[in-house]
Amino acid sequence: MRKTTTARAALAALAGLALLLPTAAAADAGGRGGGHGGGRPAVTADGLRDLAALPPMMSCDDALGLDLGDATDASVTVTSAEVVDDAVAPYCEVTGTVAPAVTFVVRLPVEGWTQRYVQTGCGGLCGSARISYGQADGCPVVEDGTVASATTDMGHQGQNDGSWALDDPQAQIDFAYRGVHVTAQVAKAVITAFYGRAPAYSYFTGCSDGGREALMEAQRYPDDFDGIAAGAPANNMAVQNTYHHAWNVLANQDDAGRFILLADQLPLVHQAVLDACDGLDGVVDGVLDDPRRCDFDPATLVCTDRQVGETCLSTEEAAVVRRLHDGAVTDDGKWRLEPEIAHEWGSELEWTLFVPATADGHSQSEDFALSYLRYLAWPGAQDPGFTLSDLSFTRDGFWDTVQSSSYMSALDPDLSDFRRSDGRLLLWHGWNDQHISPQSTLAYWDAMNGSVGERRVDAFARLFMLPGVAHCGGGDGPNSTDVLTPVMAWVESGTAPDRLTATSYADDGAVERTRPVFAYPQVARYDGTGSTDHAENFVAVTLRREPGPGYQWLGQRLYSGGYQTWAGADGGTLSLWPHRTWLTAKDPTPRT
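Residue numbers for the sequence shown follow numbering that gives the first Met the number 0, so the first one is 0 and each next one is one higher.
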């Protein structure tokens, strides 16, 4: 029988060996796992501290016997521990479960750990534990394999249709917020036992639902991570996965349920948008640097008597383009059901996500909407037979449908506790995102500044809007960047990130184009010298007046505090506390 070792006992047994650790490491062990010491190691060219690389103090095989019962709020089972001969650097992969069903995966470098921990998020409804650093192009500690990392399936495996949540309130809670938190606690305990020292710095990076997870951590567990990179966050989940995606389908169907606008017409629309707006930023390059400045009218594409269908749109098709751009509204047209501009001009080639190839085709947006509407939208109530025609596009129907916002969405803009905890936040979003509207992130940023104050926000948070970038990557613009190193540098050396560099690569890996992306609200402008494909030929400019429609819509109050709840699984029933908030009121509609 394998000997069992507790994390606490392992540390005690290794206390003598710890005295042999390099003094630089001893001086700077801490972060969200211990206090910072007196000495400050040198800073590298990347802005990271030059921390000593530490060896493991136990074998990977011995990690299988760790007792992590004190690490979090439930029992922990380690199911495997094995060395993986990765091409970059070998690591010990530890897998296990936090009861009842939160799977975690932890990777531990076996040839020199630089005292950092990075936890990665996942997308969609999760359901798998796969470590992916996302936008970390050139991050040195990722590329050399010296960072410890972890991730989680958030309490369930597979079942992207949402059926995993049926009659399982604990699975819903683990997906909402608990899974990421308990994984952070357990991973840090594993790291501490394996190396005899807690991480000096802890980071989280994620996009899409991973971005929601990132903001959920900053809002609910502000001490878990020193730095957080949140990309294209699905933090307005209850609206995003109901009205937003349902509208993508219903706004494009005729009375017989056949699709009106088809995928082969999207290039025509896209080119018309570029013809109208591409040069507004001073460079004609197929990318809109800020689509809000584009005043495109789809009606200009309506066929005249002398045109044929391949070069123009029918009146009905042009109306669909307008509806998809503008976003969901109530049946009577009096209220917007999501922030204005659901899909930005310039992103039309990405609309194949929800615009099918044939009139009888299928829109992926229907899958996204139904997976949530059937199993997650209504606290304590589920309907596997729900269809999009059952969704009520009324004011009362809206407030009834978004009640799960209190624990599933991550919209509380008051990050004062995260700020007081010395946390650093980098928000980013691609302007061509076809899944999640960039307006949602802009609305959250606006709410943050209103809640915390612009000067205080500037001390701990930055927002970057990436021109031409689709959901979490891809798209027409330079779409590969590094959001992780800037967060690390901000935490470790106080270097606030004022710009990112985005890169486009050819199929053979050659660099095609680089562009700077400046911290919002600054934009990049060509300085008139050299190639427009080189980032160094652009400067930061702050526009005199910010473009955009504003954030007036029915659910605008969701981007506030005072309604967030904690959830519990009480005898198979989902319970929430506090039981009553302004969101549970019969009519929380803003008075404007």
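Virtual Cβ for every residue (Gly too), placed ideally from N, Cα, C.
Only a predicted model underlies this, so the values are computations on that prediction, with no experimental measurement involved.
Legend entry - Where S201 sits in the DSSP three-state scheme: Residue state for S201 is assigned as strand, using DSSP reduced to three classes.
Legend entry - At least 3 beta-carbon pairs within less than 8 Å: the segment 473 to 490 vs the segment 136 to 149: Yes: at least three Cβ pairs fall under 8 Å.
Inset, instruction - Taking L265 as part of the alpha helix (DSSP H), name the residues at either end of that continuous run. - result: Note, L265: alpha helix (DSSP H), L265 to C276.
Inset, instruction - Assuming A231 contacts G429 (C-beta within less than 8 Å), just tell me the rounded distance between them. - result: The pair is a contact, with the Cβ atoms about 6 Å apart (cut-off 8 Å).
Legend entry - Cβ-based burial, S436 [other Cβ within 10 Å; buried from 16]: Looking at its Cβ environment, which holds 16 or more other Cβ atoms inside 10 Å, S436 is buried.
Legend entry - Spatially closest choice to Q134 from G209, G529 and P546, by CA coordinates: Distances from the alpha-carbon of Q134 to those of G209, G529 and P546 put G209 closest.
Inset, instruction - Would you mind reading off the limits of the beta strand (DSSP E) that contains A147? - result: A147 to T151 is the extent of the beta strand (DSSP E) around A147.
Legend entry - Local Cβ density within 10 Å of T513, reported as buried at 16 or more and exposed below that: Around the CB of T513, 16 or more other CB atoms lie within 10 Å, so the residue is classed as buried.
Legend entry - Among R544, S131 and G508, the one whose alpha carbon lies nearest that of Y520: At residue 520 the sequence reads Pro, which differs from the Tyr that was named. Nearest option by C-alpha distance: R544.
Legend entry - Sequence-distant residues of the same chain with beta carbon closer than 8 Å to T572, five excluded per side: P168 and G379, listed in sequence order.
Inset, instruction - For the beta strand (DSSP E) holding E81, just list the boundary residues, first then last. - result: Annotation: the continuous beta strand (DSSP E) that includes E81 extends over V75 to V83.
Legend entry - Cβ-Cβ separation, M153 to V179 (assumed contact under 8 Å), whole Å: With a Cβ gap of about 7 Å, V179 and M153 count as contacting.
Inset, instruction - Check whether the Cβ atoms of V354 and L375 lie closer than 9 Å to each other. - result: Contact flag unset, no.
Legend entry - For L214, three-class secondary structure by DSSP: Helix, per DSSP.
Inset, instruction - Could you tell me which uninterrupted alpha helix (DSSP H) segments, each at least 4 residues in length, are contained entirely in the segment 300 to 363, listed from first to last along the chain? - result: Runs of the alpha helix (DSSP H) lying entirely within the segment 300 to 363 and spanning at least 4 residues, in chain order: 314 to 325.
Inset, instruction - Assuming A518 contacts L462 (C-beta within less than 8 Å), just tell me the rounded distance between them. - result: Indeed they touch by this definition, with Cβ atoms about 7 Å apart.
Inset, instruction - Determine the extent of the beta strand (DSSP E) in which C59 is found, giving its start and end residues. - result: If you look at C59, you'll find it isn't in any beta strand (DSSP E); it sits in the alpha helix (DSSP H) that goes C59 to A62.
Inset, instruction - Enumerate in chain order the residues of its own chain whose CB-to-CB distance from G332 is below 7 Å, with the five nearest sequence positions on each side excluded. - result: Excluding residues within five positions, none has a Cβ falling inside 7 Å.
Legend entry - Backbone CA spacing between A80 and V189 [nearest angstrom]: Those two C-alpha atoms are separated by around 11 Å.
Inset, instruction - Identify whether E535 lies in helix, strand or coil by the three-state DSSP scheme. - result: E535: helix per DSSP, three-state reduction.
Legend entry - Environment of T76 [buried if 16+ CB atoms lie within 10 Å]: Per the 10 Å Cβ criterion, exposed.
Legend entry - Burial state of V510, where buried means 16 or more other Cβ atoms lie within 10 Å: With fewer than 16 other CB atoms across the displayed protein chains lying within 10 angstroms of its CB, V510 is exposed.
Inset, instruction - Note down, in chain order, each residue of its chain lying with its Cβ closer than 6 Å to the Cβ of G396, except the 5 sequence neighbours on either side. - result: For G396, there are no CB contacts under 6 Å within the same chain when 5 residues up- and downstream are skipped.
Inset, instruction - Return the CA-CA distance between D416 and P577, expressed in angstroms with no decimal places. - result: Those two C-alpha atoms are separated by around 20 Å.
Legend entry - Span separating the alpha-carbon of A446 from that of G452: Approximately 9 Å between the Cα atoms of the pair.
Inset, instruction - Buried or exposed for L582, please, with buried defined as at least 16 other CB atoms from any protein chain shown within 10 angstroms of its CB. - result: Buried is the call here.
Legend entry - Of the listed residues E110, T329 and S420, nearest to A88 (C-alpha basis): For the set E110, T329 and S420, the Cα lying nearest the Cα of A88 is the one of E110.
Legend entry - N- and C-terminal bounds of the beta strand (DSSP E) containing A228: Annotation: the continuous beta strand (DSSP E) that includes A228 extends over G226 to G230.
Inset, instruction - Quick one: using the 10 Å Cβ neighbour count with 16 as the cut-off for buried, is P466 buried or exposed? - result: Buried.
Inset, instruction - Confirm, please, whether the CB-CB distance from G144 to P108 is below 9 Å. - result: Yes. Within cutoff.
Inset, instruction - Work out the CA separation of S362 and V328 for me, nearest whole Å. - result: Spanning the two alpha carbons is a distance of roughly 20 Å.
Legend entry - Delimiting residues of the alpha helix (DSSP H) encompassing M407: For M407, the enclosing alpha helix (DSSP H) stretches over residues S404 to M407.
Inset, instruction - In the DSSP assignment, find the unbroken alpha helix (DSSP H) run with P437 in it and report its ends. - result: From DSSP, the alpha helix (DSSP H) with P437 extends over P437 to V451.
Inset, instruction - Keeping to the same chain, check which residues put their C-beta closer than 8 Å to that of D253; ignore five residues upstream and five downstream. - result: Within the same chain, D253 has close Cβ partners I259 and E315.
Legend entry - For R305 and L426, the rounded distance between their alpha carbons: C-alpha separation (whole angstroms): 48 Å.
Inset, instruction - Could you tell me which residues DSSP pairs with G95 in its beta bridges? - result: According to DSSP, which records beta bridges pairwise, G95 is partnered with V77 and F103.
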